[in-house]
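Participant: First residue of the sequence shown? That's 1096 in the working numbering, and the numbers climb one at a time after it.
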Amino acid sequence: MADEVFAAVSSGDVDQVRQLLEDSPANVNAIKKINKVSYTPLMVAAEQGDVDMVEYLLSHKEINVNRPSSETKKTPTPLMRAITKGHEDIVRLLIQHPDLDVNEVMEKNESAIQKAAMHGRVTIVDLLWDKVDLPSKERCLDAALNANKFEVVALILEKGFECNLKFRGHLLLEFVARYLQQEAFVEMLLRDLPFDIQDGFIVVRTNHLFSWTTFLKPTLIVGESVSKESIVEALLNHKLFKNLDRESLARHLVYSKDEYGREAYFVATADMRDFLRKQLYFANRYEIIEGPPMHASESAVILLAYDHGICTQVFHEYASMEGLNLDGFINCNNLLGRLSTDRRASDNEETVEQLWSNEFDMLDTSNGGLMSEDTFKIYCEKHFGSKLKVALKFMRYQDEYNREITIRKQLDAKFALGLLPSLDESVFREHAVHLKVDDELSMDEYPFVLVMPAADRSLEDVYLKERRSPTYIRFALEEVVLALQHLHSKAIVHGDLKKLNVLRVHNGFKLIDFDASTFEGKPMGMKFSSGILPPEMFYKLQNSSERAQYEQSCNLDEWSKLRPKHNFVVRSFRGEEKVPYSFVEASPSVDMWALGCMMFQLWTGIELVSTDVNQDVVPDRIEIAATWTDEKLKAYIEENIQCRVKRDLLQHLLVVDPRQRISCQDVLNHPYFTGTDTVNSTRANEKKVAPQNVRFDTAQFSGKAPTTFVTLPFRVENRQAKDVLLDFSQFAARFAGFCHQILANPTRRTPREMIDSFTLGKPMYFYLVDEIERKLAVNDFDAVYPIEIPPNQHLLLSSMLPFVQRGLKLVLHEHSNQSDALSAIQEAHRLVESVPPLAFDLLASLTTNPVHDVQQLALDMLEQFYCERDPEDSFAGLERVMTSERTLAWTSKSHAHAIRRRRTELLGK
């Protein structure tokens, strides 16, 4: 009967097996030797993979799903037979039976899951894992490792089972990487990071196995379902690091070292390096510049950063699916800020756009009228370094954020610092949670972010840190008035016009901080600096009842700013709150008073009323600010302002009656800016001075910065010396001819036409000259020099002409005296030497300033140029040194060191 059962099982006849077992005394657990190996019917069905048969046999109430007790460990169980053949469906059926012993072993303690591991049955190991005991799991791991079944090892790691990080002298990671899923990958890396987290701080480890840098190596390949980038993202976002600054965490990873001392960054592929670099940036885009915030207050924090994504974003804003056309290219350039913001220079936009059109044609090598993204990136790399310095304004309150955006959209970027293309608001909020400044100031409370071009300095910094001439102060104030006039033309009142909210950008000044701005006729005072408010903005609380009503209207967070000072308060507007005073409607007159306060301080060095660090009136001066009379103001102005013209202007701005304050146009028409009236005769006398007789004493300035340089229409880096000298001599000869034209007939063409003939509509490159070695200061690795100057910078380029003449003479003199000097160099030297020393007649004709002011203007422009384009004062590696002739000279560090050493030796003797 047993033979009949085995025959029916072998043939897969479930009905016959059922009949044999139900209608006769056949044994469902009968044992039969097949090829000298013991089998039960279930073992046969399991080995054959007969799902229906196994399903029926398992339903029999007397079925034994394990090895018969009469058999030795040499006999495989039904489960083992199914595993050996890889029958996953059979395994699924067997493990559902309540009597199955999944930990049953054969000889040498080989378990079912161990056999599955040896055969690389990943799915079966997965099915059994949660059902087996710890020894079986350990044997499973050993079997998988010994059989090189690393796909099984990867599964075991994904189950959270820890194992030795080393295997056969290597990192286990190297063997399992291509099979690991993301979560397991992250967990393996977490076990062997190059640092620990202790009390919320990152502490460098020295006893790790370099899993992180091994992971980054190009030779380590991951599976198709994951990417190294996604693994790094998951690692950085792991809950273990939720209280850490994300960029700081990324920095420790990127700059950790491998076993050979190489930084992790340089171990990775180029694409991975690009990805890692982005992880160092806020929101994967903004590289926060180290140092304290530019500004920090209760409502906003401003940080400087480099935007590494703006060029790509701008391209996609203006490009079609096919590429970027000329119009889009010009729009990109305008947005990225290549167009000068110096309104006083009256740039010819047609000339600038023609320059961009020429550049576009040069880059459009296929003549298809389109530029690819890669080509645009190369262009941006050349002109912007592929990144743009920006200011990130983190704001606490959404209403101020919304108001500032609304106001800015209506303003011209020539007058107000515009917003740059940036990320979605939700992305900023997501990343602000992880950003800390100086390891203490959390941006989590400032989730609303505006991105603006970075300014050189605020007018406050200019006032405090730069000893500016009266001419420059007048220029800055005129810029402020022009910008304010633009706001007022849009029926917008700035509401917080102070030096901190005026920024220097390129050659001009622009307004910022519009979260206090209000449309005319609306209540003033949502945000304010009381030190620049006119008297009508103050109110004196009359009794305790009014004080109680006022205090009830105040928010606790704002109390330090809003609290009464000697019962005086600002008529601030805070929505629907009931207050004991009437509101003041927004009017340009409020800004004109603030403008008067600004002028008063810039001219006298003192404030109209004393203020604190936030420019709010200090308590013991609040009554003065609130109770000015015209008589008191006039007396105070006359006491501190000696110049009659300045006094007159202030006495038309600092007027108690707001209706009597003059407008921006009236200010611009005032003699202080026009130079007419009493100033006119002085100007006329000054203009009689022959420009050619004006000499420029640079001695005092050259002690601070180099004044010997050249501007060339070409770059000299990575070129043959002979080719450079030939180009140099040709340019010098052309420069000499240009100078003779100016001196012979300066009125023949307009100054701008002359400068355009000098530049030929192409950028000029600013090179400093070593005054001792008499050669260009060139360093192939210099990130600052040469400095490119756009051809439309007429005022700047004309102010540099006398300096360029000096620089050319110095370099040509050195090369023309050498024994192997080229004839072209000698001829160029002769031509340049034939030109009399240039003065400032061309510069004077480009501006309305008096001649003596023109001299100072040239110095101011050069100082501003260095401040903007070389803020770190790198000066191409040149140093100032005192020569043996007791004169100051700028030369290379090595040469300066040698001169100082020689002087020390002589003093020692």
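Virtual Cβ for every residue (Gly too), placed ideally from N, Cα, C.
This one's a predicted model, so the numbers in the text were calculated from it and none came from an experiment.
#1: In three-state DSSP terms, what is residue 1265?
#2: At the level of alpha carbons, what is the spacing between residue 1551 and residue 1965?
#3: Assuming residue 1985 is part of the beta strand (DSSP E), what are its boundary residues?
#4: In chain order, which continuous runs of the beta strand (DSSP E) of length 3 or greater are located wholly inside the segment 1171–1228?
#5: Between which two residues does the beta strand (DSSP E) harbouring residue 1563 extend?
#6: For residue 1713, I'd like the list of residues in its chain whose CB is within less than 7 Å of its CB, leaving aside the five on either flank, ordered along the chain.
#7: Am I right that residue 1150 and residue 1115 are in contact with their C-beta atoms under 8 Å? What's the rounded C-beta distance?
#8: Please identify the residue among 1608, 1391, 1121 and 1454 whose C-alpha is closest to the C-alpha of residue 1096.
#9: Taking the runs of the beta strand (DSSP E) that are 3 residues or longer, which of them lie wholly in the segment 1436–1507?
#10: Let's see if you can read the secondary structure: which residues bound the alpha helix (DSSP H) around residue 1603?
#11: Within 10 angstroms of its Cβ, does residue 1216 collect 16 or more other Cβ (buried), or is it exposed?
#12: Which same chain residues, not among the five before or five after residue 1523, have their C-beta less than 6 Å away from its C-beta?
#13: Return the CA-CA distance between residue 1895 and residue 1953, expressed in angstroms with no decimal places.
#14: Is residue 1587 helix, strand or coil when you go by DSSP?
#15: Below 6 Å CB to CB, which residues in the same chain sit around residue 1672 once its five sequence neighbours on both sides are set aside?
#16: Rounded to a whole number of angstroms, what is the C-alpha to C-alpha distance between residue 1982 and residue 1848?
#17: For residue 1381, which beta-bridge partners are listed by DSSP?
#18: Rounded to whole angstroms, what is the Cα-Cα separation between residue 1789 and residue 1560?
#19: If you reduce the DSSP assignment to three classes, tell me which class residue 1686 lands in.
#20: In whole angstroms, give me the CA-to-CA distance for residue 1448 and residue 1591.
#21: Please report the distance separating the alpha-carbon of residue 1276 from that of residue 1213.
#22: Please state whether DSSP places residue 1516 in a helix, a strand or coil.
#23: Mapping the DSSP letters down to three states, classify residue 1293 as helix, strand or coil.
#24: First and last residue of the beta strand (DSSP E) that includes residue 1353?
#25: What does the Cβ neighbour count give for residue 1723, buried or exposed, with the cut at 16 atoms within 10 Å?
#26: So what's residue 1609 in DSSP terms, helix, strand or just coil?
#27: So, for residue 1348: in the same chain, excluding its five sequence neighbours on each side, which residues have a beta-carbon less than 7 Å away from its beta-carbon?
#28: According to DSSP, is residue 1389 part of a helix, a strand, or is it coil?
#29: Could you round the C-beta distance between residue 2005 and residue 1547 to whole angstroms and report it? I think they count as a contact, below 8 Å.
#30: Compare the C-alpha of residue 1494 against each of 1598, 1395 and 1477 and name the closest.
#31: Just checking, does the segment 1459–1472 make contact with the segment 1386–1404 on the three C-beta pairs under 8 Å criterion?
#32: Would you report the Cα separation of residue 1451 and residue 1857, rounded to the nearest angstrom?
#33: Rounded to whole angstroms, what is the Cα-Cα separation between residue 1756 and residue 1932?
#34: Rounded to the nearest angstrom, what separates residue 1751 and residue 1630 at their Cα positions?
#35: Could you work out which residue in 1604, 1905 and 1763 is closest to residue 1804 when comparing CA atoms only?
#36: With respect to the beta strand (DSSP E) encompassing residue 1805, which residues constitute its N-terminal and C-terminal limits?
Facilitator: Short version:
#1: Strand.
#2: Cα to Cα, residue 1551 sits roughly 11 Å from residue 1965.
#3: DSSP places residue 1985 in the uninterrupted beta strand (DSSP E) bounded by 1983–1987.
#4: The segment 1171–1228 contains no whole beta strand (DSSP E) run of 3 or more residues.
#5: Premise fails: residue 1563 is in no beta strand (DSSP E) and is neither H nor E.
#6: Excluding sequence neighbours, residue 1713 sits near 1705, 1706 and 1707.
#7: With a contact defined as Cβ atoms closer than 8 Å, residue 1150 and residue 1115 miss out at about 17 Å.
#8: Among 1608, 1391, 1121 and 1454, the Cα nearest to that of residue 1096 belongs to 1121.
#9: Runs of the beta strand (DSSP E) lying entirely within the segment 1436–1507 and spanning at least 3 residues, in chain order: 1483–1490.
#10: First-last for residue 1603: 1603–1606, but that is the beta strand (DSSP E), not the alpha helix (DSSP H).
#11: Classification of residue 1216: buried, given that the 10 Å Cβ count is 16 or more.
#12: Correct list, in chain order: 1544.
#13: Roughly 8 Å separates the two Cα atoms.
#14: The answer is strand: DSSP assigns residue 1587 an E or B state.
#15: Here the set comprises 1648.
#16: When rounded, the distance between both Cα atoms is 38 Å.
#17: BP columns for residue 1381 point to 1377 and 1402.
#18: No answer about residue 1789 holds up, because its pLDDT of 38 lies below 50 and its placement is not dependable.
#19: Residue state, collapsed to three classes: helix.
#20: A straight line joining the alpha-carbon of residue 1448 with that of residue 1591 spans about 36 Å.
#21: Their Cα atoms are separated by approximately 21 Å.
#22: In the structure shown, residue 1516 sits in coil (DSSP, three-state: anything other than H, G, I, E or B).
#23: In this structure, residue 1293 counts as strand in the three-state DSSP scheme.
#24: Per DSSP, residue 1353 lies in no beta strand (DSSP E) segment and is marked neither H nor E.
#25: Result: buried.
#26: The DSSP-derived three-state label of residue 1609 is coil.
#27: Once the five neighbours on either side are set aside, the close Cβ partners of residue 1348 are 1307 and 1359.
#28: Here residue 1389 carries a coil assignment [DSSP, helix/strand/coil].
#29: Residue 2005 lies beyond the range of the chain shown here (1096 to 2004); nothing can be said about it.
#30: The residue with the shortest Cα to Cα distance from residue 1494 is 1395.
#31: Judged by Cβ distances under 8 Å, the segment 1459–1472 makes no contact with the segment 1386–1404, as fewer than three pairs qualify.
#32: Distance from the CA of residue 1451 to the CA of residue 1857, rounded to the nearest whole angstrom, comes to 10 Å.
#33: Their Cα atoms are separated by approximately 49 Å.
#34: Between residue 1751 and residue 1630, the C-alpha separation is close to 7 Å.
#35: Closest by alpha carbon: 1905.
#36: Note, residue 1805: beta strand (DSSP E), 1804–1807.
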